[in-house]
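Number of protein chains: 2
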Amino acid sequence: MTTKAEWIAVDWGTSRLRAWAMDADDAVLARLSSPRGMNSLKRDEFEGALIELVGGHLADARTTPVICCGMVGARQGWKEAPYSSLPFGVEPGKAATVTVPASDPRIAPTILGGVRQNAPPDVMRGEETQIIGFLAENPDFEGAVCLPGTHTKWARVQNGKIVEFQTFMTGELFSLLAERSVLRHGMSDSAGTHINAHIKNDADTPNSEEFASMTAKAMNEPHLLLARLFGLRADALLNGLAPAAARARLSGLLIGAELAAARKFHADGAVALVAEAALGDLYAGALKSRGVAARAENAGAMTLRGITTFFNKIRETRR
Amino acid sequence: MTTKAEWIAVDWGTSRLRAWAMDADDAVLARLSSPRGMNSLKRDEFEGALIELVGGHLADARTTPVICCGMVGARQGWKEAPYSSLPFGVEPGKAATVTVPASDPRIAPTILGGVRQNAPPDVMRGEETQIIGFLAENPDFEGAVCLPGTHTKWARVQNGKIVEFQTFMTGELFSLLAERSVLRHGMSDSAGTHINAHIKNDADTPNSEEFASMTAKAMNEPHLLLARLFGLRADALLNGLAPAAARARLSGLLIGAELAAARKFHADGAVALVAEAALGDLYAGALKSRGVAARAENAGAMTLRGITTFFNKIRETRR
């Protein structure tokens with residue numbers, strides 16, 4: 039007989055739903071994943087999507103806490119969870135959470151709210167949990183945490199708290215340009231809308247060179263970003279630039295421009311990359327070419343650690 | 039009885055087909071337009087789309103020359119027309135053209151080829167004809183010609199020839215971001231994929247201020263382009279930024295970044311804007327804020343003048 043979960047950790051993003059069935063000692067009983075992200079669900083479909091994924095791990099005789107982070111708490115999500123203000127850390131009772139009334143008596147869902155910055159205006163939902171996870175593992179860290187993805191976040195951390203952050207639509211721009219713009223004609227064995235579309239072809243050595251060379255150009259002359267995009271198409275038309283090379287250049291161009299715009303975060307001090315391995319490698323390589331040594335942390339592990347940290351604070355508060 | 043056309047001028051772009059029925063003195067008998075642009079047509083559908091639009095102006099007893107410019111000559115178009123190299127002007131026999139065998143005996147179509155630049159690689163199809171039209175009207179002009187649109191072109195003109203140019207995907211980026219990215223949520227009474235999506239709301243005075251203020255920011259700090267995009271979404275979420283204002287800011291951000299990247303074209307010397315009126319006004323305003331006085335020229339008139347110039351050269355050559 040399967041051990042039933044003591045609680046469930048959920049990372050519910052725009053395009054994916056991930057869950058961990060946890061025991062009483064916060065050890066993982068099972069890792070679960072489904073494509074039913076927020077974008078694919080209407081409000082009344084969230085509970086069903088969750089039960090479909092985790093139902094087999096729920097005890098019938100008691101109510102299991104389900105702690106969710108991510109876009110599930112957005113206005114278009116399951117239930118809107120308010121934003122917390124900066125500086126943001128883990129303090130009992132401070133994190134903005136909402137409980138969701140569930141019709142299935144086996145679950146008691148809580149959604150962790152995101153974080154807002156008033157000036158310049160910015161928001162995050164989910165990344166704050168990864169940063170809290172990272173800080174739980176590295177309580178003395180001071181510096182910048184970069185979380186590359188569809189919407190890359192750069193955050194400055196001081197005294198165990200997020201004090202400032204900025205969002206870059208780098209991954210989304212890559213997907214739009216590679217799949218929907220005129221550039222798609224030269225990238226045609228592409229691509230998928232996945233966050234990792236950047237690195238689909240990182241096995242090709244020449245692409246690493248294309249990536250590195252374009253990243254350097256983009257960092258040196260970030261103001262020329264808009265002048266360089268169409269060159270990828272023209273180079274394909276006139277010189278037969280290969281699709282994999284064109285994708286590597288586009289990725290380098292955008293990541294290089296992001297790093298130039300994010301310079302205040304990584305210009306001095308420590309940098310931690312919380313990323314999927316391949317995407318993290320791209321960022322680490324680009325930063326290294328600028329003399330910035332970034333430490334790499336696994337994104338999934340930080341998410342679970344962050345949700346666990348919040349859950350323990352919630353438990354403490356309730357005792 | 040309608041006077042039949044002596045020849046037909048055609049501007050066949052990605053999303054629209056425009057034609058002018060012309061008399062023997064190059065005066066316009068009729069202006070015609072259809073949404074059957076290159077993107078909506080398979081190779082064997084071009085002739086039918088053309089006949090559908092201009093058929094009523096064709097004489098039955100003779101063959102009418104049809105002179106086409108634009109994306110109709112692209113690889114995905116009716117028939118590929120080769121690129122000419124720089125420097126590019128109107129010289130008999132030099133312009134790369136292709137004739138298209140038509141099954142309808144009433145038409146003899148010719149497609150004007152585009153122009154290529156080898157380093158940095160770039161191409162244009164259609165804009166060269168507008169520039170030639172502009173130069174036919176202004177033979178002594180020296181300086182930069184800007185043709186704003188889906189793919190804005192900046193070209194440097196010397197001695198009656200295009201000597202250098204650069205493409206900016208400004209209009210396409212605007213449409214992708216306003217309609218397909220996460221920013222669409224804050225621009226929801228938008229927008230259409232039209233080239234002029236930039237200026238849908240230029241009637242609102244506050245938007246002109248939003249546009250001007252963001253253009254200035256973008257020109258002053260073009261390297262921060264990627265850092266500013268998501269701010270439009272966050273400002274909507276946190277502060278209720280209105281859709282029209284968000285669109286004006288996005289437009290200002292992109293046009294400002296383009297002008298910063300195109301600085302070498304407009305930093306000194308004369309600037310001519312060949313544009314639809316409203317889009318031209320946006321560019322003219324942004325340039326004026328930088329002390330650049332740009333003269334405005336009507337895009338449609340320049341296109342017809344350019345096609346007419348080429349047709350007369352072709353006629354001379356054939357005589």
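Keeping their order, the protein sequence lines are chains A and B. The numbering of the first sequence is our numbering, which starts it at 39 and goes up by one. The numbering of the second sequence is our numbering, which starts it at 39 and goes up by one. Ideal placement from N, C-alpha and C gives every residue a C-beta, glycine not left out. Remember, it's a predicted structure, so these values are computed and weren't measured experimentally.
Closer than 7 Å at the beta carbon, the chain B residues around D142(A): Ordered by position in chain B, no residue passes the 7 Å Cβ test against D142(A), which lies about 30 Å from the chain.
Please report the distance separating the alpha-carbon of K238(A) from that of F172(A). Below a pLDDT of 50, predicted positions are generally treated as unreliable, and K238(A), at 47, falls in that range; the measurement from the model is reported next regardless. Between K238(A) and F172(A), the C-alpha separation is close to 27 Å.
Can you pull out the residues from the stretch 193-223 of chain B whose beta carbon lies closer than 7 Å to at least one beta carbon of chain A? Q204, T205, F206, M207, T208, E210, L214, R218, S219, V220
C-beta neighbour in chain B for D361(A), strict 8 Å: Since the first and last residues shown for chain A are 39 and 357, residue 361(A) lies out of range.
How do the stretch 158-169 of chain B and the stretch 269-287 of chain B stand: do at least 3 beta-carbon pairs fall below 8 Å, yes or no? no
Run through chain A and tell me which residues come within less than 9 Å of G269(B), C-beta to C-beta. P158, P159, D160, Q204, T205
When you check each C-beta in the stretch 253-266 of chain B against every C-beta of chain A, which residues fall closer than 9 Å? E259, P260, H261, L262, L263, L264, A265, R266
Residue from N245(B), G323(B), I169(B), P125(B) whose Cα sits closest to the Cα of A36(B): The shown model of chain B, from 39 to 357, leaves out residue 36(B), and the question about it has no answer.
Return the residue from the list A112(B), S141(B), L270(B) that minimises the CA-CA distance to L150(B). A112(B)
Would you say N58(A) and C106(A) are within 8 Å of each other, going by their C-beta atoms? Contrary to the premise, residue 58(A) reads as Trp rather than Asn in this sequence. Cβ distance not < 8 Å, so W58(A) and C106(A) don't count as in contact.
Is K326(B) near the ligand ZN, judged by its Cβ being under 7 Å from some heavy atom? The model depicted lacks the ligand ZN and carries no ligand whatsoever.
Under 7 Å from the C-beta of N277(B): neighbouring residues of chain A: P159
Cα-Cα separation, G224(A) to E248(A): 15 Å
Within-8 Å CB hit, A68(B) to chain A: no
Interface residues of chain A facing D273(B) [CB-CB closer than 7 Å]: P159
Could you give the distance in angstroms between the alpha-carbon of G93(A) and the alpha-carbon of E44(A)? 13 Å
Report the start-end ranges of each alpha helix (DSSP H) in the stretch 104-176 of chain A that is 4 residues or longer and not cut off at the edges. 165-175
Please confirm whether R163(A) has its beta-carbon closer than 8 Å to some beta-carbon of chain B. no
Can you tell me which residues form a DSSP beta bridge with L55(A)? W50(A), S72(A)
Measuring straight from C-alpha to C-alpha, what distance separates P139(A) and Q155(A)? 29 Å
Can you grab the Cα-Cα spacing for the pair A2(A) / T137(A), in whole Å? Nothing about residue 2(A) can be reported from this structure: the residues present for chain A run from 39 to 357 only.
Same chain only: Cβ atoms within 7 Å of L79(A), ignoring 5 sequence neighbours per side: A87
Below 6 Å CB to CB, which residues in the same chain sit around A308(B) once its five sequence neighbours on both sides are set aside? G181
DSSP on L297(A), reduced to helix/strand/coil? helix
Provide the residue(s) that pair with G181(B) in DSSP beta bridges, ordered along the chain. V195(B), A308(B)
Quick one: list the residues of chain B neighbouring E296(A), beta-carbon separation under 7 Å, in chain order. L264
From this set, T135(B), F349(B), F84(B), which residue's C-alpha is nearest P73(B)'s C-alpha? F84(B)
Would you list the one or two residues that DSSP bridges to A286(B)? Partner(s): none; A286(B) has no beta bridge.
Counted within 10 angstroms of its Cβ, other Cβ atoms place N77(B) as buried (16 or more) or exposed: exposed
Helix, strand or coil: how does DSSP classify R357(A) here? coil
Take the Cβ of V312(A) as the centre, count every other Cβ of all protein chains shown within 10 Å, and call the residue buried at 16 or more, exposed below. buried
Helix, strand or coil for F349(B)? Go by DSSP, reduced to three states. helix
Examine chain B for any beta-carbon lying closer than 8 Å to the beta-carbon of K238(A), and answer yes or no. The predicted position of K238(A) is uncertain, since its pLDDT is 47 and thus under 50; a value taken from the coordinates is nonetheless stated next. No, because no Cβ of chain B sits closer than 8 Å to the Cβ of K238(A).
By DSSP, does M257(B) sit in helix, in strand, or in coil? helix
Pairs of beta-carbons, one from the stretch 264-284 of chain A and one from the stretch 193-210 of chain B, closer than 8 Å: are there three or more? yes
At a cut of 8 Å, does the stretch 319-332 of chain A reach the stretch 292-303 of chain A through at least three beta carbon pairs? yes
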